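**Q** First the structure, then my questions, so here it is.
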Amino acid sequence: MPTPDVAPHEPLTHDAFLRRLIRELTGTLQDVVGLEEASGYISTVGAVMGEHIDQQYRLALAVDRLSREQVTAVLVDLKRRIDGDFFVIEESEDRIVLGNRRCPFGDAVRDRPSLCMMTSNVFGFIAAQNLGYAAVDLQQTIAAGHPTCRVVVSLKPAPHPSPALREYFQRDDMLG
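According to my numbering, the sequence shown is numbered sequentially starting from 228.
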């Protein structure tokens, strides 16, 4: 039987399918367990992804630890590789501030703020493992309806951290 010549409204590509799958999974998770719990589940996956990505970059750069400049470059590069458009707004001893014009999840991220925990945990894990500490503040996100994202990665603990910050600490078992 011949395949019908049908063109769906949205292109049905591997990438579009996976983005839609992730959107529906996170939407269901947010609806069933709530945003806070869904964010927790996504955070767990983000930490595992952060560890894997960190190891890959350290191997590629043949270093035991990334410098602050390398961490900044890695955060921008990893998002570029997965179709994000992150860029450096500011980099100092105290913090790295990144902007983003395009989410790697595309339009599938709209109304799915739990997906932002991937960015928070991947960035937080990589920065903390290499620099000792990180606190990530997702100041604005495309998922929440903003046209761009603004992510602040603080590299030194604040005396009175904001409740919006997610803190990350270097794991002792990863020292070396």
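Just so you know, even glycine gets a beta-carbon here, dropped at the ideal spot from N, CA and C.
It should be emphasised that the depicted structure is a prediction, and the values quoted were computed from it without experimental measurement.
Which same chain residues, not among the five before or five after Asn357, have their C-beta less than 6 angstroms away from its C-beta?
**A** Closer than 6 angstroms at the Cβ level, and outside the excluded window around Asn357, lie Arg292, Leu293 and Val298.
**Q** Our contact map puts Leu302 next to Leu325 with C-beta atoms below 8 angstroms; I'd like the distance itself, whole angstroms only.
**A** About 6 angstroms; that satisfies the 8 angstroms criterion.
**Q** Which residue wins for smallest C-alpha separation from Val379, given the options His387, Gln366, Pro390 and Gly372?
**A** Answer by Cα proximity: Gln366.
**Q** Which residues in the same chain as Asp321 place their Cβ atom closer than 8 angstroms to its Cβ, once the five residues preceding and following it in sequence are excluded?
**A** These residues qualify, in order along the chain: Ser381, Leu382 and Lys383.
**Q** Measure the CB-CB distance between Val336 and Ala370 and report whether it falls below 8 angstroms.
**A** Yes, these two residues count as a Cβ contact at 8 angstroms.
**Q** Can you list, in chain order, the residues of its chain whose CB lies under 6 angstroms from that of Ala354, leaving out five sequence neighbours each side?
**A** Cβ within range, chain order: Val298, Ala361 and Val380.
**Q** Name the one or two DSSP bridge partners that Gln367 has.
**A** Arg377.
**Q** How many Å lie between Glu394 and Ala243 at the Cα?
**A** So the alpha carbons of these two residues sit roughly 33 angstroms apart.
**Q** By Cβ distance below 6 angstroms, which residues in the same chain neighbour Pro374 in space, the five residues on each side in sequence not counted?
**A** Within the same chain, Pro374 has no close Cβ partners at all.
**Q** Can you tell me which of the three DSSP states Val315 falls into?
**A** Strand, per DSSP.
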